Amino acid sequence: MEKTYNPEFEKRIYDMWMKGKFFEAHPNAEKEPFTVMMPPPNITGQLHMGHALDETIQDVIVRFKRMSGYETLWMPGTDHASIATEVKVVEKMRKDEGLSKNDVGREGFLERAWAWKNQYGGRIVEQQKALGISCDWSKSAFTMDENCSNAVLEAFVKYYKKGLIYRGDRIINWCPHCHTALSDAEVEYEEQQSNLWYYRYPVVGEDDAIVIATTRPETMLGDTAVAVNPKDEKMAKYVGKTVKLPLTDREIPVVADDYCEIGFGTGAVKITPAHDPNDFELGLRHNLPVIQVIGEDGLMNENAGKYQGMDRLSARKAIVEDLTALGLMVKIEPYAHNVGTCYRCGETVESLVSKQWFVKMKPLAEPAIKAVKDKKTEFIPKRFENTYFNWMENIRDWCISRQLWWGHRIPAYYCDDCGETIVSKTKVDVCPKCGGTHIRQDEDVLDTWFSSALWPFSTLGFPKKTKNLEYFYPTNVLVTGYDIIFFWVARMMFSGLEFMHEVPFSEVLIHGLVRDAQGRKMSKSLGNGIDPLEIIDKYGADALRFSLATGIAPGSDTRFTDGKIESCRNFVNKLWNASRFVIMNIKDGDDLSMPARFNGADKWILTRLNDVIKEVTINLNKYELGLAAARLYDFVWSDGYGAAYRELR
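Counting along the sequence shown from 1, when you hit position 26 you're at 25 in numbering that gives the first Met the number 0, and nothing is skipped either side.
Written out as C-alpha cells, the structure reads:
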C-alpha cells in the first residue's frame with residue numbers, strides 16, 4: 000500500500016461497490032424501510048458545491064441507517080427542466096444548423112431535444128458518482144420516463160375531474176425573453192434602484208386633480224380606474240367621480256376599495272388590471288375592463304397609442320417627458336424596490352392577463368398546512384415552518400402551463416366542430432360530444448414542478464400499486480436547501496396527501512448554502528465559485544465530503560476554505576495510514592478474535608470508543624452531522640494518539 004492516501008483509489012472502490020450491487024434496496028419483510036428521495040438535478044446542470052453538500056448530508060444519513068439494519072433506499076434521478084433544456088437545444092440548433100424551433104416544427108424539435116438529453120443529460124450523474132454517493136442507481140428515474148409521465152397524466156386528469164384544474168384568463172407572470180408563463184415560485188426578486196413618479200389625474204368637470212405615485216408610468220396607459228379607501232376622509236369625496244387619463248382620450252372612474260391603505264402614499268392608487276395581480280383582483284370586484292398595453296415580447300402594443308413598438312423602459316422615459324411637458328408631473332423621488340425577475344434568465348418579469356391552465360390551490364394547501372401543524376411532517380430546524388406556512392397560507396392559484404415544447408404536453412384536446420374541451424390520459428381522435436374528428440391537442444406543456452411534485456411516489460411506481468410503492472412510501476426524510484421550500488417541498492406535500500393520502504415524508508431536514516471564505520454566496524458574477532470536481536481530483540472525494548460535513552448545523556450556511564479542505568485531506572491520510580499499519584501487521588493465519596484479557600491502554604481506548612459510538616449515534620439521529628464529524632475527528636487525532644502513546648510506554 001502507498002504511504003499516502005491516493006484519491007485514484009476511490010474510483011476503483013466505487014466500481015467495486017457498483018459491481019457488488021451493495022446499495023440496491025428491495026422490499027424486505029424482515030427489515031424496516033428507510034427511504035430518502037434525492038432532489039433530482041436538472042439534466043442541464045453541472046455539479047456545484049450546493050449539490051455536493053446536499054448529497055453528502057444525504058449519504059451520511061443513508062449509510063448510517065443502512066448500517067443500523069434498515070432496508071435503505073436512496074432514490075436518484077434527474078429532472079427534464081423544461082425552460083433550461085429548451086434554451087440549450089435552441090442555442091445548439093441555431094449554432095450548429097442555423098435553424099429555429101419553427102423551422103423544424105414540434106416533432107423535429109423534440110427529436111433534437113431527446114438527442115441532446117441522451118448525449119448531455121447524464122453528465123451530472125457521472126459527476127455525482129465521483130462524489131462516491133451510495134444511492135440505488137438501478138432505480139434511477141427521469142421525470143419524463145414512461146412511469147413518471149404516466150403519473151403526470153393520472154394526476155392531471157384526477158385534478159381536472161375534481162375541479163382542481165381549470166383553464167381561464169387570469170393574471171400571470173410572463174418572461175418576455177423565455178416567452179413563457181412562470182409560477183409565482185419561479186419569480187426571483189432583486190432590489191433595484193428606480194424612482195417614484197408623482198403625477199396628476201385631472202378630475203372631470205372640476206378644477207381639481209388626484210395625485211398618484213407609481214414605479215411604472217408606462218402601465219398608466221392601461222389604467223381603468225383610480226382607487227381610494229372609502230374610510231379615508233380626505234379621499235372619499237372623489238368616489239363616484241371620473242378622472243381624465245393623461246395621454247389618452249379616456250375617462251376612468253374613482254372606486255372605493257379597502258385595498259388602498261389609509262395614510263400610505265398619496266391615498267390614491269392607479270388600477271391597471273392587465274399588469275398587476277392585485278389590480279386584477281380589484282378589477283374583478285368592480286367589474287373593470289382589462290386593457291393590456293404591453294405585449295408578450297415586452298414591447299408596447301397597439302393599445303399604447305403613439306408609444307406602440309417601444310420597449311418598456313423607452314416608453315417609460317417618453318411618457319415621463321410627455322407628462323412633464325403637460326404640467327402634470329408633480330415630483331420624482333429616488334426609490335429602491337424589489338423587482339420580479341425570471342429565475343432562469345434574469346429578465347424582468349411582466350404581469351399579463353393570459354389564458355392559461357391553473358391548479359386551484361386553497362383546497363390543496365389546507366390539508367398540507369394541517370399536516371405540519373399536526374406534526375405529521377416536521378421541519379428541522381423548526382423555524383423553517385414559518386417559511387412554509389407563510390407561502391402556503393398566502394398561496395395563489397398555480398399557473399401550470401408553459402409555452403414550450405420540451406416537457407409533458409397538457410392532456411387537453413379541443414374539438415373545433417363544437418368547441419368541447421376533453422381532458423384524457425389517452426389520445427383523443429373523436430369528440431365524445433358531437434362525434435367530430437377535427438381534434439387538436441393543447442400546444443403547451445406543464446410546469447416542470449408539476450412532475451417533480453409527484454417525485455416521492457411516481458418514482459416508486461404510481462399510478463400502479465407496486466411492491467416498491469407499498470413498501471418504501473411514505474419516505475422518511477427529505478434533505479434540501481432552504482431556498483426551495485416552496486418550490487418543491489410544499490408541492491410534494493399537497494401532492495402526496497392528494498394522491499397517496501399520506502404525507503410524502505415525516506421529516507424535512509433543511510441545510511444552508513456553501514459560501515466562500517469571506518462568507519459570500521458563490522456566484523458566476525463574483526467569480527468565487529469552486530468546482531467540486533477539481534477539489535476531488537486534487538484532494539479526493541472523502542476529503543471534500545468530510546470538509547462539507549464538519550462545522551455544519553441544520554439550517555445554517557457554511558464556509559468553504561482552503562485550510563479546511565487541507566485539514567480534512569490530512570485527516571483522511573491519517574485514517575489511511577492507520578489502516579495501512581494494521582494491514583501490514585496482519586499475517587495469514589493470525590487470530591483476529593478479541594483477546595481474553597485487556598491491558599490498561601486497551602481498556603482506555605475501548606472505553607473512549609464506546610463513548611464516541613454513543614455520542615455519534617445520538618448526533619446522527621438528530622441530524623447534527625457537524626457535531627458527529629467533530630467528535631470523530633477528535634477521537635482519531637487525540638484519543639488515537641493517546642492510546643498509541645500508552646501502548647508504547
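For glycine and all other residues, C-beta sits at the position ideal for the given N, C-alpha and C.
From a predicted model like this one, the values you see are computed outputs, not experimental measurements.
Residue range of the alpha helix (DSSP H) that includes residue i
i      : result
Arg122 : Arg122 to Ala129
Val61  : Met48 to Met66
Val691 : One cannot answer for residue 691 here, as it falls past the ends of the chain, which runs 0 to 648.
Asp601 : Gly599 to Asn620
Asn41  : No alpha helix (DSSP H) holds Asn41; DSSP gives it neither H nor E.
Thr142 : It is not in any alpha helix (DSSP H) - Thr142 carries neither H nor E in the DSSP assignment.
Residue j beta carbon less than 7 angstroms from that of residue i
i      : j      : result
Asp446 : Gln402 : no
Glu506 : Glu377 : yes
Ala180 : Ile171 : yes
Thr271 : Thr218 : yes
Asp556 : Val352 : no
Leu468 : Gly460 : yes
Val422 : Val156 : yes
Met48  : Val513 : yes
Ala367 : Phe545 : no
Leu619 : Phe63  : yes
Val635 : Tyr4   : no
Val238 : Ala226 : no
Pro175 : Asp296 : yes
Asp396 : Lys359 : yes
Gly294 : Asn300 : yes
Ala83  : Thr55  : no
Ala224 : Ile261 : no
Below-7 angstroms beta-carbon distance, residue i vs any chain B residue
i      : result
Asp610 : Considering every chain present, this structure includes no chain B. It has just one protein chain.
For residue i, three-class secondary structure by DSSP
i      : result
Gln291 : coil
Tyr644 : Its pLDDT being 44, under 50, Tyr644 is placed unreliably in this model, and the value from its coordinates should be taken loosely. Correct three-state label for Tyr644: helix.
Arg169 : strand
Thr436 : coil
Thr71  : strand
Asp207 : coil
His510 : strand
Arg558 : strand
Glu250 : strand
Val35  : strand
Lys10  : helix
Asp638 : helix
Ser137 : helix
Val444 : strand
Leu181 : strand
Ala595 : coil
Ser99  : coil
Asp655 : What the structure shows of the chain is the stretch from 0 to 648, and residue 655 is not part of that stretch, so it cannot be assessed.
Proximity winner among the options, relative to residue i (alpha-carbon distances)
i      : options                           : result
Met37  : Thr3, Tyr4 and Thr142             : Thr142
Ile379 : His510, Asn5, Ile56 and Ala600    : His510
Asn475 : Ile251, Trp73, Tyr197 and Phe461  : Trp73
Arg65  : Ser133, Asp587, Ile582 and Leu547 : Ser133
Lys161 : His176, Arg514 and Phe498         : Phe498
Asp231 : Tyr165, Thr479 and Cys259         : Cys259
Asp530 : Val615, Glu280, Leu52 and Phe22   : Leu52
Tyr198 : Pro39, Met328, Leu608 and Val488  : Met328
Asn609 : Thr34, Pro594 and Asp638          : Asp638
Ala24  : Glu70, Glu9 and Val59             : Glu70
Leu496 : Asp482, Tyr472, Arg11 and Ile483  : Tyr472
Thr340 : Val186, Ile12 and Ala629          : Val186
Phe8   : Asn569, Asp515, Lys602 and Ile535 : Ile535
Leu163 : Gly434, Lys573, Ala364 and Ala335 : Ala364
Thr616 : Lys375, Arg382 and Ala628         : Ala628
Where the beta strand (DSSP E) containing residue i begins and where it ends
i      : result
Val329 : Met328 to Cys341
Tyr198 : Val186 to Pro201
Ser353 : Glu349 to Val358
Val225 : Ala224 to Val227
Val242 : Thr241 to Lys243
Residue i CB to nearest heavy atom of the ligand ATP below 6 angstroms
i      : result
Gly418 : Ligands in the displayed structure: none, and consequently the ligand ATP is not present.
Problem - beta strand (DSSP E) runs contained entirely in the region 458 to 486, provided each spans 3 or more residues - result: Segments of the beta strand (DSSP E) lying fully in the region 458 to 486: 474 to 480.
Exercise for the section: For the region 255 to 322, list the alpha helix (DSSP H) runs that are entirely contained and at least 4 residues long, ordered along the chain. Expected result: DSSP runs (the alpha helix (DSSP H)) wholly in the region 255 to 322: 276 to 285.
Problem - Complete beta strand (DSSP E) runs within the region 369 to 427 (minimum length 3 residues, chain order) - result: Positions of the beta strand (DSSP E) runs, each at least 3 residues long and wholly inside the region 369 to 427, are given as 377 to 379, 411 to 414 and 420 to 422 in order along the chain.
Problem - Contiguous alpha helix (DSSP H) assignments of at least 4 residues, all confined to the region 514 to 590 - result: Taken in chain order, the complete alpha helix (DSSP H) segments of 4 residues or longer contained in the region 514 to 590 are 531 to 538, 540 to 548 and 561 to 583.
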